[in-house]
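Scroll down for the structure; my scribbles are underneath it.
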Amino acid sequence: MPNYDWPSQQNTTLLGKRYDRLDGPWKVRGTAEYAYDRNLDGMLVARMVTCPHAHAKITAIDIEPAKRVQGFRGAEVINPVGTELQWTGQEVLAVAADTEEAARDCANAVRVTYEVLEHLSGEEDVKKAGQKNRVQPASDDTKGDPEAGFKSADVVHEGYYGVATITHCCLEPHGQVVDWKGDEITVYASTQAVSRIGADLATNLAADERFKDVKANQIRVITPVMGGGFGSKFNIDTWGVACAKLSKVTGRPVKLMLDRDEELMLAGARPSDFGNLKIGAKSDGTIVAFESESWSTGGVSGRGAPPLPYIFTEIPNQRVRHLNVSTNTGPSRAWRAPNHPQAAAMTMTALTDLAQKLKMDPVELFKKNLNLTSRGDVYARQLDKAAEMIGWKQKYHAPGDGKGKIRKGVGASIHTWAGRPHDSTCRVDIGPDGSVSANLASQDLGVGCRTVIAAVLAETVGLPLDVVQVNIGDSNLPPSGASGGSTTVGGVSASTRRAAVNALEKLKEVVAPELGVAADDLEAKGGRLVSKSDSSKSIGWDEACRKLGVKTIAEMGQQPDRNGGKLNDSGVGGAQMAEVSVDLETGIVKVESMAAVQDIGYVIALKQSESQVFGALIQGVAWALYEERVYDEITGAMLNADMEFYKLSGIGDIGNLMVHIDQGIYDDRGVIGLGEPPAISPGAAISNAVHNALGVRVPVLPMTPDKVLEAIEKGGVA
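In short: position in the sequence shown from 1, add 19, done, that's the working numbering.
Set out below in structure tokens:
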């Protein structure tokens, strides 16, 4: 049986090393073709009509005025008369016209009549939500004896903590171009699920009597590059279905991409979480009891409870209760490591406040209780490394122990994630001209997936990275899973490795008789096939491929494959620390530096792995200090559905970022995904650093200047 195992990185030329990503030059030059860049011959542009009310029933729709606008070509109702709409910006219909300007004029001409209903847009006041019957229990779990646990504690801390709703705010908005010609439908989509979108679209079209005969195999999805999804781009969405219908009824390609306000109002958001936490500990820091009552909103529907207590799951006595609050706000969607950032921002802050009561260094409190975690040895190692990187021992001080109007502090957090691989199928082709390619219907969200596949292929066949080809982003290729849950790298690396080994074995079988050696005596390295027993017997790659004559080798590889070795795993840990400065007069928090230590199993591309962590830290600075979806409670309108008032971190806000990929933990593991884990801890670490600087807690993220000044005044910081 072929050996599929990952090679030792002591002997690799690419795997585990630093090298540039393949798509960088395309993006720098502007030649990368995103969905928005598709401008097909005869293409129409579509715009949506959306609801101006937070809660309303549609009583009438009049499209006739739009038909009189020059350039009008078609309209498709998304939510018909009688539908109860649940948030400002919810879709009503889409109109297509010759130009974007005409489409906007058509949308403005449509007349929709509503019966306005009572709404609730505030998310933090659970009592007010309860009075409006908007609260539903989600979970209520007890372990051990919480009452006895708290009675046995020497110190008990109680505190209120929260994390506001943020949007995904993808750089490339949601949307697609659909070209429906005859029985063939081509969708140029911004999606995290190239292999899945076709079936999703077919199912939605079949619900309409006009399109009931459409099958998934008629639909081709093309996504060579896309500009971020963060968990929000798995489905075709209502606007995608409407876009396809408009293409069919008009007989023309149609582009429908969301505007920025639509992107922020209806394309998904990370749910909020608020809660009261209570923790009891012995005087030496041993945690003996935990209690929480938390609540969150994902708009009109629940989104699941945060995993409290986070990381320290084996606290012997605990009671955890969670509530879902229904609000008339935009819907929630998975956001990097669903529920984990909120859980970290609540648990790690509460533990840090407990450490203050115990007069302990919070890192020492964490380490004291690592027996309550699933992998304490990993966290101890990572905390020590992060402390070394940021200079924790030199910079940590008793909370609030500082002078002057600028106060500095440091904070820490730890996190976990699974990162199991998804199903994936890859075909590797080796041609008589020496060409070698990996072919699979995966997608690259902008994180370097294409480069990872190329590195696995190149390492396996012993060629340079720039020689191999990678074909992805096309549903006509062998299917591969959606990119979510940090599953992609594990899936595509395993299927590519197996396919590449299988293809190489076929080439060895052709070449071995020519060299007078056994096929299993050959190895590929340095652009040649070389005998392991007699290095004088070798052949160059191109010459070896010419031995194929007119044939092309095409071999498949799959994940999972029970007979294909252990190439991936799940379960990682990480530690992060932040240093901040806080201006007591303005309430402005500035991140001075952040250190991140992350375990990811077998490393494919070290530079891209580090880049993923850097990106997570940058996002973390944004949601810790700036990002928040703000609604007017009276009108129910989103007040910051634009890039002027929906704040993100800029280059001057992120400070000095330091990343260490923690290699060599459990060397028998394979590849584990990285998309989620480093995005979990930034908010908690930054919040704890602000607490260290001030000596008082800013309880709710983001820590905007008004909240910081309120905490300073309430805490009596001088």
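Don't be surprised by glycine CBs; every beta carbon is placed ideally from N, CA and C. From a predicted model like this one, the values you see are computed outputs, not experimental measurements.
How about Thr759 and Ala79: are their beta carbons less than 8 Å apart?
Given a span of 20 to 737 for the chain in the structure shown, any question on residue 759 remains unanswerable.
Please name the residue, chosen from Ala437, Tyr415, Ser499, that lies closest to Val429 on a Cα-to-Cα basis.
Working through the sequence shown from its first residue, we reach residue 429 at position 410. The candidate whose alpha carbon is nearest that of Val429 is Tyr415.
Inter-residue spacing [alpha-carbon to alpha-carbon] between Arg516 and Ser555
On the sequence shown, position 497 is the one that residue 516 refers to. On the sequence shown, position 536 is the one that residue 555 refers to. Going from the Cα of Arg516 to the Cα of Ser555 covers about 27 Å.
Can you tell me whether Asp588 is buried or exposed? The criterion is at least 16 other CB atoms within 10 Å of its CB, across all chains shown.
What you label residue 588 is simply residue 569 of the sequence shown in a count that begins at 1. Its Cβ being crowded by 16 or more others within 10 Å, Asp588 is buried.
Near Arg57, which residues of its chain fall below 6 Å by C-beta distance, leaving aside the five closest residues on each side in sequence?
Here the question's residue 57 lines up with position 38 in the sequence shown. So the list reads Val196, Tyr207, once near-sequence residues are dropped.
May I ask you to report which of helix, strand or coil DSSP gives Val727?
What you label residue 727 is simply residue 708 of the sequence shown in a count that begins at 1. Correct three-state label for Val727: helix.
In whole angstroms, give me the CA-to-CA distance for Pro71 and Gly655.
As a first step, residue 71 must be located in the sequence shown, where it is residue number 52. As a first step, residue 655 must be located in the sequence shown, where it is residue number 636. Cα-Cα distance, rounded: 9 Å.
Would you call the CB atoms of Val307 and Pro326 closer than 8 Å?
Residue mapping note: residue 307 aligns to position 288 of the sequence shown, counting from 1. Residue mapping note: residue 326 aligns to position 307 of the sequence shown, counting from 1. Their beta carbons are not under 8 Å apart, which means Val307 does not touch Pro326 by this criterion.
Alpha-carbon to alpha-carbon, Asn358 and Trp106:
Here the question's residue 106 lines up with position 87 in the sequence shown. Here the question's residue 358 lines up with position 339 in the sequence shown. Their Cα atoms are separated by approximately 23 Å.
Measure the alpha-carbon distance for Ala51 versus Trp45 and round it to whole angstroms.
Taking the sequence shown and counting its residues from 1, one reaches residue 51 at position 32. Taking the sequence shown and counting its residues from 1, one reaches residue 45 at position 26. Each residue's alpha carbon lies about 5 Å from the other.
So what's Gln627 in DSSP terms, helix, strand or just coil?
Taking the first residue of the sequence shown as 1, we reach residue 627 at position 608. Three-state DSSP puts Gln627 in a helix.
Near Ala235, what residues of its chain come up, given a Cβ to Cβ distance below 7 Å and the 5 sequence neighbours on each side ignored?
Along the sequence shown, read from residue 1 onward, the residue named residue 235 stands at position 216. The residues are Gly217, Ala218, Ala221.
If you draw a straight line from the C-alpha of Glu95 to the C-alpha of Ser214, how long is it?
The sequence position of residue 95 within the sequence shown is 76, counting from 1. The sequence position of residue 214 within the sequence shown is 195, counting from 1. Approximately 26 Å, taken between the alpha carbons.
How long is the line joining the alpha carbons of Val129 and Leu667, rounded to whole angstroms?
Numbered from 1 along the sequence shown, position 110 holds the residue referred to as residue 129. Numbered from 1 along the sequence shown, position 648 holds the residue referred to as residue 667. Val129 and Leu667: Cα-Cα distance of roughly 34 Å.
In terms of residue numbering, what span does the beta strand (DSSP E) encompassing Ser706 cover?
Position 687 of the sequence shown, counting from 1, holds the residue named residue 706. Per DSSP, Ser706 belongs to no beta strand (DSSP E); it is in the alpha helix (DSSP H), 701–713.
Since Gly419 and Val715 are thought to touch, with beta carbons under 8 Å apart, how far apart are those beta carbons, to the nearest angstrom?
As a working mapping, residue 419 is identified with position 400 in the sequence shown. As a working mapping, residue 715 is identified with position 696 in the sequence shown. Going by Cβ atoms, the distance from Gly419 to Val715 rounds to 7 Å, so yes, they are a contact pair.
What residues are listed by DSSP as bridge partners for Ala116?
Looking up residue 116 in the sequence shown gives position 97. DSSP lists Val64, Phe91 as partners of Ala116.
What did DSSP end up calling His74 once you bin it into helix, strand or coil?
Translated into positions along the sequence shown, residue 74 becomes position 55. For His74, the three-state secondary structure derived from DSSP is coil.
Check whether the region 153–172 and the region 180–194 are in contact - that is, three or more C-beta pairs closer than 8 Å.
no
Since Met613 and Gln631 should fall inside the 8 Å C-beta cutoff, what is the C-beta to C-beta distance between them, to a whole number of angstroms?
Here residue 613 corresponds to residue number 594 of the sequence shown, with the count starting at 1. Here residue 631 corresponds to residue number 612 of the sequence shown, with the count starting at 1. With 8 Å as the limit, Met613 and Gln631 do not qualify as a contact, their Cβ atoms being about 14 Å apart.
What's the gap between the Cα of Lys200 and the Cα of Ala263?
Start at 1 with the first residue of the sequence shown, and residue 200 comes out as number 181. Start at 1 with the first residue of the sequence shown, and residue 263 comes out as number 244. Looking at the two C-alpha atoms, the distance is approximately 11 Å.
Can you look up Asn458 in the DSSP assignment and give me helix, strand or coil?
Within the sequence shown, numbered from 1, the residue matching residue 458 stands at position 439. In the structure shown, the three-state DSSP call for Asn458 is strand.
Just verifying my parser: in three-state terms, what is the DSSP assignment at Ala308?
Residue 308 sits at position 289 when you count from the first residue of the sequence shown. In the displayed model, Ala308 falls within a strand according to three-state DSSP.
Tell me the rounded alpha-carbon separation between Gly738 and Leu389.
The chain is shown only over 20 to 737; residue 738 falls outside these bounds and no answer can be derived.
Runs of 4 residues minimum, wholly inside the region 130–173: which ones carry the alpha helix (DSSP H) assignment?
For the region 130–173, whole alpha helix (DSSP H) runs of length 4 or above, ordered along the chain, are 145–150, 165–171.
May I ask you to report which of helix, strand or coil DSSP gives Gln401?
As a position in the sequence shown, residue 401 is number 382, starting the count at 1. Here Gln401 carries a helix assignment [DSSP, helix/strand/coil].
Alpha helix (DSSP H) segments (min. 4 residues) lying fully within the region 372–423:
381–387, 395–409, 411–414
Taking the straight line between their C-alpha atoms, what separation do you get for Leu136 and Val319?
Within the sequence shown, the letter at position 117 stands for residue 136. Within the sequence shown, the letter at position 300 stands for residue 319. Those two C-alpha atoms are separated by around 14 Å.
Leaving out the 5 sequence neighbours to the left and right, which residues in its chain are closer than 7 Å to Lys376 when beta-carbon positions are compared?
Looking up residue 376 in the sequence shown gives position 357. Val174, His176, listed in sequence order.
As assigned by DSSP and simplified to three states, the class of Trp25
One-based indexing of the sequence shown puts residue 25 at position 6. Three-state DSSP puts Trp25 in coil, outside helix and strand.
Tell me which same chain residues have a C-beta within less than 8 Å of the C-beta of Ala157, skipping the five on either side of it?
As a working note, residue 157 is residue 138 in the sequence shown. The answer, listed in chain order, is Gly321, Gly323, Ala324, His341, Leu342, Asn343.
Only counting runs of 3 or more residues, tell me where the beta strand (DSSP E) segments fall wholly within the region 561–592, in order along the chain.
572–578
Roughly how many whole angstroms lie between the Cα atoms of Ser502 and Asp463?
The sequence position of residue 502 within the sequence shown is 483, counting from 1. The sequence position of residue 463 within the sequence shown is 444, counting from 1. Taking the straight line joining both Cα atoms gives about 8 Å.
Pick from Ile691, Ile238, Cys125: whose alpha carbon is nearest that of Leu112?
Taking the sequence shown and counting its residues from 1, the one referred to as residue 112 is at position 93. Cα-wise, what sits closest to Leu112 is Cys125.
Burial state of Thr392 (16 or more Cβ within 10 Å)
Locating residue 392 in the sequence shown gives position 373, counting from the first residue. Buried is the call here.
Is Phe309 buried or exposed, if buried means 16 or more other CB atoms sit within 10 Å of its CB?
Translated into the one-based positions of the sequence shown, residue 309 becomes position 290. By the neighbour-count rule (16 or more Cβ atoms within 10 Å), Phe309 is buried.
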